[in-house]
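Asker: Here's a structure for you.
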Amino acid sequence: MTGRIPDEAIALVRERARIEDVIGEHVQLRPAGSGNLRGLCPFHEEKTPSFNVKPSTGVYYCFGCQQGGDVIGFVRAIDGLTFPEAVERLARKAGVTITYEGGGTTSRSVVSQRHRLLEAHRVAAQFYAEQLSTAASARAGWDFLAARGFDADVAAHFGVGYAPQGWKELTRHLLARRFTPEELELGGLAKRGARGELVDRFRHRLVWPIRDLSGEVVGFGGRRLADDDEKAGPKYLNSPETPLFKKAHLLYGADLARREIARRYQVVVVEGYTDVMACHLAGVATAVATCGTAFGSDHVGTVRRLLMDSDAQRGEVIFAFDGDAAGQKAAMRAFEHEERFVAQTYVAVEPSGLDPCDLRLARGDAAVRELVASRVPLVEFALRQVLGRHDLDSIEGRVAALDAAAPIVNRIKDWSLRQRYAIQLDRWTGFNDEEFVLRRVTEHPSAPMLDGPPVRRGGKGAGPAGSPAAQRGARGGAAGGPDDPAVIVERETLKIALQCPGLAGPMFDELDAEVFTVPEHRAVLGAIAAAGGVSAGLAAAGDVATWVGMVVAATPHDSVARLVTALAVESMLVDHEVDDGYVAAQLARVQEAAVDRRINEVKSRVQRLNPVTDPEAFNQAFGELIALEQYKKELRGRGSGAT
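Position 149 of the sequence shown, counting from 1, maps to 154 under the numbering used here, and the rest follow consecutively.
Below, the structure is given as structure tokens:
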């Protein structure tokens, strides 16, 4: 999509797409007090609900897996969408018309064209599905499905249809519904025949609708039913590249698998549409397939979006290819992209050469599940494939195999894993000389050093020297645990600033950073200040939900953004509605704790001073102590109304 979505449109989408309604479509939410809603987290398995939604602040947060954000962030996470895709999807549901800025094209024509093409594909998918049930020539399609163990319910679930034998069946159907010839050609639904007339792209084929991650039909894949008629075109035919259909980015079945992928942190990549169907029916509901092209670099990005693989220890990609030579070759091609994944990569190849669909037919659902469960690391598979091409019974063959395998070992991201595979390589090649093999791998051209782990460069847990994580390391831990009364008061004060900014107002903005002892709390205070402070920020935002979003956007650190979201959702420690008295009391208490710390410092200094030899310093410190004690008394008076 060309152009930029204006900030005003994004704010309107957030306002109209109520977070409790959107999340309520995926999670059973129940009242949890203090205006909160709670349910079981859709992103990880749990028995006790820890997933919280706070409509007043427009955010959600799971205290189990620490995932949170606003309504747009939830749609992105649950459906694996980009930010613009999530905004567009919510806008359609909320009735918000988006006009795009820039891009050199008027926004209305861009939106209109995309919506027209999506609607044409929706109508085409419905037409094909109806033809499978009504067309006399569709019997060949039913025979194909039945031979592979699929009935009418399965066909309906996956939207399988039939393209009739006529040359203009779909074309006439769409033209009658006021779609233009130009739209049919642009969308790849029709093409120009030998005489220049418009004809259907798919004829006498079983067709599968291919959907994007939001569930919109963007193209089709067709399987020729007349196997003895080569004039009917290739056995498998897909939509051409169009404004909607970008096969290098699409994965068939991802729209059906995305939620299970997000829950299990697993993607199973197979080769064909029927393999996806067989896997899902067998209980492997994380299966997807490429759309008429080999698994490539663009697919990596799509898989990572589905997995949200920001943690190397959480997530796996399993390539379940055919067991024949072509399938093994496909697995080796997939290995070329292995280093781009954060998740662990595996391969599952059936020894007898059966694909998942044939395996299910021959041995049942359990065999498909066992195939996936018996996966081996993709690195191991690649190494064994390379070693298998050499004669390991001779010295020359073993050395050649070692040199061929060394580049694969050196591509392993994790240093310790790389070293272990180098040692394993010694056993597989039969040298029985670990020192020699390690040295040979290390000396291989472009080989990274095996004598120590690499310096971590960014990624999860990395941050600048002044980040909260770095400060914790320097100080040996946060000041006080979660049950420390001072820490509880600090957290409550920040919750007030985020959830009740209208009550916190200027009083909060006057707080000094030294009031907060926990580095993470100071980081949140910094984000609030960067967002303009409570008073100015709330005035600019106009509402609490937008204000919280501004604070999240004001920090570059994911850990701080997560803490802001958690504080914006967490219930207040009060059994009545938060009012001016409670806010004033909490602000007084957090300042009183800071004054107590200062009093202890000054008392210590007074005890070290000699009033005879250094009367000026002693009197100055003693005077400061008296002033602090008086200020503490005033603060205690303000805080007496806290509950």
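Glycine residues also receive a C-beta, built at the ideal position from the N, C-alpha and C atoms. Note that this is a predicted model, so its numbers are computed, not measured.
Is the beta carbon of S171 sitting closer than 7 Å to the one on A134?
Answerer: For clarity, residue 171 is Gly in the given sequence; the question names Ser instead. No, the pair does not count as a contact, with Cβ atoms beyond the cut-off.
Asker: Please list, in chain order, all residues of the same chain as R480 whose beta carbon is under 8 Å from its beta carbon, the five residues on each side excluded.
Answerer: Any reading at R480 must be qualified, since the residue scores a pLDDT of 33, below 50, and its modelled position is unreliable; the value itself is stated next. Closer than 8 Å at Cβ, skipping near neighbours: P524.
Asker: My assumption, with CB atoms under 8 Å, is that R35 sits in contact with G44. Please give the rounded CB distance.
Answerer: Right, the Cβ-Cβ distance comes to about 7 Å (below 8 Å), so this counts as a contact.
Asker: Helix, strand or coil: which one does DSSP assign to Q131?
Answerer: Q131 falls in the helix class under three-state DSSP.
Asker: Name the residue from H285, D232, D205 whose alpha carbon lies nearest to the alpha carbon of G650.
Answerer: In the structure as shown, the chain begins at 6 and stops at 648. Residue 650 is therefore absent and cannot be evaluated.
Asker: Assign G464 to buried or exposed, taking buried as 16 or more other Cβ atoms, counted over all protein chains shown, within 10 Å of its Cβ.
Answerer: Low local confidence applies: a pLDDT of 37 at G464 is under 50, so the model's placement there is unreliable, and no value is given.
Asker: Pair every Cβ in the stretch 80 to 89 with every Cβ in the stretch 578 to 595, then say whether three or more of these pairs are closer than 8 Å.
Answerer: The stretch 80 to 89 is not in contact with the stretch 578 to 595.
Asker: Could you name each continuous beta strand (DSSP E) segment of 3 residues or more that falls completely within the stretch 60 to 96, going from the start of the chain to the end?
Answerer: For the stretch 60 to 96, whole beta strand (DSSP E) runs of length 3 or above, ordered along the chain, are 64 to 67, 73 to 75.
Asker: To which residues does DSSP link Y167 through a beta bridge?
Answerer: BP columns for Y167 point to L211.
Asker: Suppose you measure from the CA of A541 to the CA of R21; what does that come to, to the nearest Å?
Answerer: Between A541 and R21, the C-alpha separation is close to 24 Å.
Asker: Is the stretch 212 to 226 close to the stretch 154 to 165, with three or more CB pairs under 8 Å?
Answerer: In short, these stretches touch, since the Cβ pair count reaches three.
Asker: Would you tell me roughly how many angstroms separate the C-alpha atoms of A336 and P382, rounded to the nearest one?
Answerer: If you take the alpha carbons of A336 and P382, they lie about 11 Å apart.
Asker: Flag this pair as yes or no: are the beta carbons of L242 and V272 separated by less than 7 Å?
Answerer: Taking 7 Å as the Cβ cut-off, L242 and V272 do not qualify as a contacting pair.
Asker: Under 7 Å between the Cβ atoms of A96 and V32?
Answerer: Taking 7 Å as the Cβ cut-off, A96 and V32 do not qualify as a contacting pair.
Asker: Roughly how many whole angstroms lie between the Cα atoms of Q625 and A491?
Answerer: Answer to the nearest angstrom: the Cα atoms are 28 Å apart.
Asker: Can you list, in chain order, the residues of its chain with a C-beta nearer than 7 Å to that of F132? Leave out the 5 residues immediately preceding and following it.
Answerer: L175, H178, listed in sequence order.
Asker: DSSP on Q424, reduced to helix/strand/coil?
Answerer: Helix.
Asker: If you measure between the beta carbons of T434 and R403, is that distance less than 7 Å?
Answerer: In this structure, R403 lies closer than 7 Å to T434 by Cβ.
Asker: Taking one C-beta from the stretch 55 to 64 and one from the stretch 281 to 297 each time, how about it: are there three or more such pairs within less than 8 Å?
Answerer: No: the two stretches stay apart, fewer than three of their Cβ pairs being nearer than 8 Å.
Asker: By how many angstroms is the C-alpha of V569 removed from the C-alpha of V607?
Answerer: In a straight line, the C-alpha of V607 is about 34 Å away from that of V569.
Asker: Going by the DSSP bridge assignment, what does T570 pair with across the sheet?
Answerer: Looking at the DSSP assignment, T570 forms no beta bridge with any residue, so it has no partner.
Asker: Between which two residues does the alpha helix (DSSP H) carrying P511 extend?
Answerer: Its alpha helix (DSSP H) spans residues 506 to 514.
Asker: Please go through the same chain and pick out, in chain order, the residues whose beta-carbon is closer than 6 Å to the beta-carbon of G40, but skip the five residues on each side of it.
Answerer: Excluding sequence neighbours, G40 sits near S61.
Asker: In the DSSP assignment, find the unbroken beta strand (DSSP E) run with A37 in it and report its ends.
Answerer: 35 to 38 is the extent of the beta strand (DSSP E) around A37.
Asker: Report the rounded CA-to-CA distance for I24 versus T298, giving the unit in angstroms.
Answerer: Their Cα atoms are separated by approximately 38 Å.
Asker: Skipping 5 residues on each side, what residues in its chain have a beta carbon closer than 7 Å to that of V557?
Answerer: A566, V569, T570, listed in sequence order.
Asker: If you scan the stretch 510 to 550 from start to end, which runs of the alpha helix (DSSP H) of 4 or more residues do you find wholly inside it?
Answerer: Listed in chain order, they are 524 to 535, 538 to 546.
Asker: What residue ranges within the stretch 253 to 318 form continuous beta strand (DSSP E) runs of no fewer than 3 residues, ordered along the chain?
Answerer: The stretch 253 to 318 contains these whole beta strand (DSSP E) runs: 271 to 275, 292 to 295.
Asker: Cβ of T247 within 7 Å of Cβ of G198?
Answerer: Contact flag unset, no.
Asker: By Cβ distance below 7 Å, which residues in the same chain neighbour A647 in space, the five residues on each side in sequence not counted?
Answerer: Any answer about A647 is weak, because its pLDDT of 44 lies below 50 and its placement is not dependable; what the coordinates show is given next. Y587, A590, Q591, R594.
Asker: On the CB-based measure, 16 or more other CB atoms within 10 Å of its CB, does A632 come out buried or exposed?
Answerer: Classification of A632: exposed, given that the 10 Å Cβ count is below 16.
Asker: Assuming the contact rule is C-beta atoms closer than 8 Å, A502 and A509 should be a hit. Round their C-beta distance to whole Å, please.
Answerer: About 5 Å separates the two Cβ atoms, so the contact holds.
Asker: Below 7 Å between beta carbons: does that hold for A535 and A559?
Answerer: In this structure, A559 lies closer than 7 Å to A535 by Cβ.
Asker: For D456, collect the residues of the same chain with a Cβ closer than 7 Å to its Cβ; drop the 5 residues on either side in sequence, then sort them by chain order.
Answerer: Low local confidence applies: a pLDDT of 47 at D456 is under 50, so the model's placement there is unreliable, with the coordinate-based value given in what follows. Around D456: no qualifying Cβ.
Asker: Would you check if the distance between the CB atom of V373 and the CB atom of T350 is smaller than 7 Å?
Answerer: Taking 7 Å as the Cβ cut-off, V373 and T350 do not qualify as a contacting pair.
Asker: For Y65 and P47, what's the separation of their Cα atoms in angstroms?
Answerer: Computed Cα separation, rounded: 12 Å.
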